[in-house]
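Chains as they are written, first to last, in this note's numbering: chain A, 110 to 474; chain B, 1324 to 1609. Data block below; observations after.
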Amino acid sequence: MASVQFASATRLYPGTHHPAVSQLDLEIRDGELMVLVGPSGSGKSTALRMVAGLEPLDEGAIFIGDRDVSGVRPRDRDIAMVFQNYALYPQLTVAENMGFALKQHKVPKEERVARVREVARVLDLEPFLDRKPKHLSGGQRQRVAMGRAIVREPQVYLMDEPLSNLDAKLRVQTRAELAELQARLAVTTVYVTHDQVEAMTMGHRVAVLREGVLQQSDTPYALYHEPANLFVAGFIGSPAMNLFPCPSGQPIGVGGCALDVDTGVTSHLASFGGDRVVVGFRPEAVRVGEGPVAAHIRTVEDLGSEAFVHVAFDHEGEMVFAVSKMPAPFKGVTGDPIDVRFAGTVHVFDPAGARIASGAARCAT
Amino acid sequence: MARSAGAQLGVGERRSVNVVTGVVAWFAALLFFFPVFWMILSSFKEEQDANTSPKLFFSPTLDRYSDVTETSTGLLSFCEAFFNSFWVVTVSTVVVLLLAIPAAYALAIRPVPKWRDVLFFFISTKFLPVVASILPLWILAREFDLLNTRLVLMILYTGMNLPLAVWMLRSFFQEIPRELIEAAEIDGAGLRGQLASVILPIAVPGIAATALLCVIFAWNEYFYAVQLNPADGSTIPIWVTTNISTRGNFLAKLSAASVLASVPVVLAGWLAQKRMIRGLSMGAIK
């Protein structure tokens, strides 16, 4: 096992002007499960492939442990990768697929068979060892792909959206199993996903990328409660954070409601030089039912355990939308007039993106 | 009442139209097959029967087959021509595959710079009319003392089939998911290991289809063979023409020779048909 470190790692695809991964500095600690998350084109898969050696570096370096592997061939990096489509060899049986890497590394047959059997036992794959991949279900194929990685006992696991081809129920189940397995094996893992729920539930830490640039890497809690910038604030959390552009003069007002904010926020705002800020509230900080802001319901998403109430109200002469997370059952339908208030953590951002401050806030009027 | 899948009408289709289309298709198929059928039929006839007014019913004989396969001193025999063809076709096809597989790999999986130009160059060699190339080829063959040898046909058939094989194999290789090759690379397989363990086993139907086409084209080739190998090392198509005589009737004999010339490729095609169809359709659906 070993740590993985990106040191100003950059990848510029031939014929493009914008790097797919730009000056990435990130350390993944020994035994840690680091999730790289971001929208399509954010460079998360490219970053993973750079660790695998499937993409060359144009600048910077990648270290596995103390070794600079930037110029090392994929097969000499002591890594194992799980692909989105599993990449199982169709002509080989499950046992042969799992033992393929060991065979390439000239591991004696007895040891190979024993290791494959052991991993198959752990993953409940023993009954399928003689089957070809085409005779397996999606979940079984996913486990074979995992098994193929585990059996090698590598220093690092690389996983490229390994759950995205599973149905929703199996994905949730496999997600938990995978996290448990990773914790048990304690092998450094880099995991790529575009699903922020997967990222938040699995990652010891999560690195958020956008257009090849690292936005923030931190624990899921910190990403949610202390987003570094507007992009992270909008990307992490479902439903997304409600964002309202406002004048930076105090008191800050949203929808005609003057906010009574924490002194920490007040002092940061006082020292902020700009005219305008962006104010953000998570859906749980938007309360509907009573309050000073007159709104109407756009739609209600009832999930059984909670309800997402989408409302619209006037803010600085424009109609703006917000989402509130309310306990279910929620009485109210589309078009109903409803009052809204803000009570919870407020996040204040520079319109350029950086977070200025976060703190408790509530409607003063 | 349950209807078979083939008899089911599509939405908006009319049975009468389907029946008419079917009849037309069958008629066209029989029309194309008839000359082949007549050739097979004639090969079992006496020369006299074959040359007189068309007869569907006659007493069949294998004498024409004995005639064409019997060996006469100084004349090209069936066995000699067969083995010449066998060696020329086998060697040229094996060499084509040995050269085309790495070339197709380079073009499909690890494209070299200007790969489009390379691909165009390969196929451009097929633009030249065969007849336009015969003089330089004949001179070269004479200069290198290759006239009337099997080697000259082996070289020519390799060159003739190589562009086609590279194009076909490239499209088959492109169908192989990139992740499989990357997985093998990470799993520790070198270039040879990737080819042997991952790419070739998956591309077997495509390789079989390519090989079969090379075999068919080389087996049936006549023009180069007759120009460059009229005396020694003659192949089956030339042997077929030796059964045309200037005196007497030869239609039944020629039919028997044609049937014998067709049997190996038809048999190979029939045996490989399952793989070949899979291979030929490999590139069709992503």
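Even glycine gets a Cβ: it sits at the ideal position worked out from N, Cα and C.
Whether residue i touches residue j by CB criterion (7 Å)
| i | j | result |
| --- | --- | --- |
| Pro-401 (chain A) | Cys-366 (chain A) | yes |
| Met-159 (chain A) | Ile-1509 (chain B) | no |
| Pro-1383 (chain B) | Phe-1367 (chain B) | yes |
| Asn-338 (chain A) | Arg-464 (chain A) | yes |
| Ala-204 (chain A) | Leu-238 (chain A) | yes |
| Tyr-333 (chain A) | Arg-250 (chain A) | no |
| Glu-399 (chain A) | Asp-448 (chain A) | yes |
| Ser-357 (chain A) | Gly-383 (chain A) | yes |
| Asn-1374 (chain B) | Leu-1574 (chain B) | yes |
| Arg-450 (chain A) | Arg-396 (chain A) | yes |
| Phe-1430 (chain B) | Arg-1493 (chain B) | Looking at the sequence itself, residue 1430 (chain B) is Leu, so the reference to Phe does not match. Yes. |
| Glu-286 (chain A) | Gln-193 (chain A) | no |
| Val-429 (chain A) | Val-418 (chain A) | no |
| Ile-1559 (chain B) | Ala-1584 (chain B) | yes |
| Ala-469 (chain A) | Asp-371 (chain A) | yes |
| Asn-351 (chain A) | Phe-381 (chain A) | no |
| Ala-1534 (chain B) | Val-1489 (chain B) | no |
Cβ shell of residue i (< 7 Å), same chain only, five flanking positions each side left out
| i | result |
| --- | --- |
| Arg-280 (chain A) | Leu-272 |
| Gln-359 (chain A) | Thr-375, Leu-378 |
| Thr-155 (chain A) | Arg-120, Ala-129, Val-130, Glu-164 |
| Ala-349 (chain A) | Gly-343 |
| His-424 (chain A) | Phe-353, Val-363, Gly-364 |
| Lys-153 (chain A) | Leu-145, Val-146, Gly-147, Val-301, Leu-318 |
| Val-228 (chain A) | Met-207, Gly-256, Ile-259, Val-260 |
Enclosing alpha helix (DSSP H) for residue i [first to last residue]
| i | result |
| --- | --- |
| Ser-117 (chain A) | Ser-117 (chain A) -> not in any alpha helix (DSSP H); beta strand (DSSP E) instead, spanning 113-120. |
| Gly-1482 (chain B) | 1473-1497 |
| Gln-1517 (chain B) | From DSSP, Gln-1517 (chain B) is part of no alpha helix (DSSP H); its letter is neither H nor E. |
| Asn-338 (chain A) | No alpha helix (DSSP H) contains Asn-338 (chain A), which DSSP labels as neither H nor E. |
| Pro-1425 (chain B) | 1401-1431 |
| Leu-1463 (chain B) | 1453-1466 |
| Pro-157 (chain A) | In the sequence under discussion, the amino acid at residue 157 (chain A) is Leu, which differs from the Pro named in the question. Note, Leu-157 (chain A): alpha helix (DSSP H), 153-161. |
Neighbourhood of residue i by C-beta distance below 6 Å, restricted to the same chain and skipping five residues each side
| i | result |
| --- | --- |
| Gly-1333 (chain B) | none |
| Arg-1326 (chain B) | Because Arg-1326 (chain B) carries a pLDDT of 49, less than 50, the predicted location of this residue cannot be relied on, and the following value inherits that uncertainty. None. |
| Leu-1479 (chain B) | Tyr-1547 |
| Ala-1579 (chain B) | Ser-1366, Arg-1387, Tyr-1388, Val-1391 |
| Glu-136 (chain A) | Gln-114 |
| Pro-392 (chain A) | Pro-348, Val-432, Ser-433, Lys-434 |
| Pro-446 (chain A) | His-405 |
| Val-1412 (chain B) | Val-1538, Ala-1541, Trp-1542 |
| Gln-213 (chain A) | none |
| Lys-1609 (chain B) | With a pLDDT of 34 at Lys-1609 (chain B), under the threshold of 50, the predicted position of this residue should be treated as unreliable, though the coordinate-derived value follows. For Lys-1609 (chain B), where only same-chain residues beyond five positions count, there are no Cβ hits under 6 Å. |
| Ala-308 (chain A) | Val-144, Val-146, Thr-302, Val-315 |
Closer than 8 Å at the beta carbon, the chain C residues around residue i
| i | result |
| --- | --- |
| Met-190 (chain A) | Here the protein chains are A and B, and chain C is not one of them. |
Limits of the beta strand (DSSP E) - the one that residue i falls within
| i | result |
| --- | --- |
| Tyr-300 (chain A) | 297-302 |
| Lys-212 (chain A) | Where Lys-212 (chain A) is concerned, there is no enclosing beta strand (DSSP E), although the alpha helix (DSSP H) it sits in stretches over 203-213. |
| Pro-436 (chain A) | 427-436 |
| Ser-467 (chain A) | 464-472 |
| Asp-327 (chain A) | 322-327 |
| Thr-125 (chain A) | Counting along the chain, Thr-125 (chain A) falls outside any beta strand (DSSP E), and DSSP gives it neither H nor E. |
| Leu-368 (chain A) | 366-370 |
| Glu-168 (chain A) | 168-173 |
| Pro-1500 (chain B) | Per DSSP, Pro-1500 (chain B) belongs to no beta strand (DSSP E) and is neither H nor E. |
| Asn-351 (chain A) | 351-356 |
| Pro-348 (chain A) | Unbroken run through Pro-348 (chain A): none, as it is neither H nor E. |
| Gln-132 (chain A) | 130-137 |
| Pro-1358 (chain B) | Not the beta strand (DSSP E): Pro-1358 (chain B) falls in the alpha helix (DSSP H), residues 1338-1366. |
| Thr-454 (chain A) | 446-458 |
Cβ neighbours of residue i in the same chain (closer than 8 Å, five flanking residues each side left out)
| i | result |
| --- | --- |
| Gln-1685 (chain B) | Outside the modelled stretch of chain B, which goes from 1324 to 1609, sits residue 1685 (chain B), for which no answer is possible. |
| Asp-177 (chain A) | Ala-170, Ile-171 |
| Ala-1512 (chain B) | Ser-1520, Val-1521 |
| Asp-276 (chain A) | Gly-247 |
| Met-1324 (chain B) | Low per-residue confidence applies at Met-1324 (chain B): pLDDT is 44, beneath 50, and the placement is therefore not dependable, though the value from the model is reported in the following sentence. Here the set comprises nothing. |
*In chain order, which alpha helix (DSSP H) runs of at least 4 residues are fully inside the stretch 1537-1577 of chain B?*
1546-1551, 1559-1564
*In chain order, which alpha helix (DSSP H) runs of at least 4 residues are fully inside the stretch 219-290 of chain A?*
247-259
_At least three beta-carbon pairs within less than 8 Å, the stretch 1521-1541 of chain B to the stretch 1493-1509 of chain B_ = yes
*Pairing CB atoms from the stretch 1398-1412 of chain B with CB atoms from the stretch 1458-1472 of chain B, are three or more of them under 8 Å?*
no
*Are the stretch 236-244 of chain A and the stretch 1547-1556 of chain B touching, with three or more C-beta to C-beta distances below 8 Å?*
no
*Kindly confirm or deny that the stretch 185-199 of chain A and the stretch 256-273 of chain A touch, where touching means at least three C-beta pairs closer than 8 Å.*
yes
*Taking three-plus beta-carbon pairs below 8 Å as touching, is the stretch 142-154 of chain A in contact with the stretch 296-306 of chain A?*
yes
*Where in the stretch 382-433 of chain A do unbroken runs of the beta strand (DSSP E), each at least 3 residues long, occur, reported from the N-terminal end onward?*
385-390, 395-411, 415-424
*Any chance the stretch 1414-1421 of chain B sits against the stretch 1476-1491 of chain B, with 3 or more Cβ pairs inside 8 Å?*
yes
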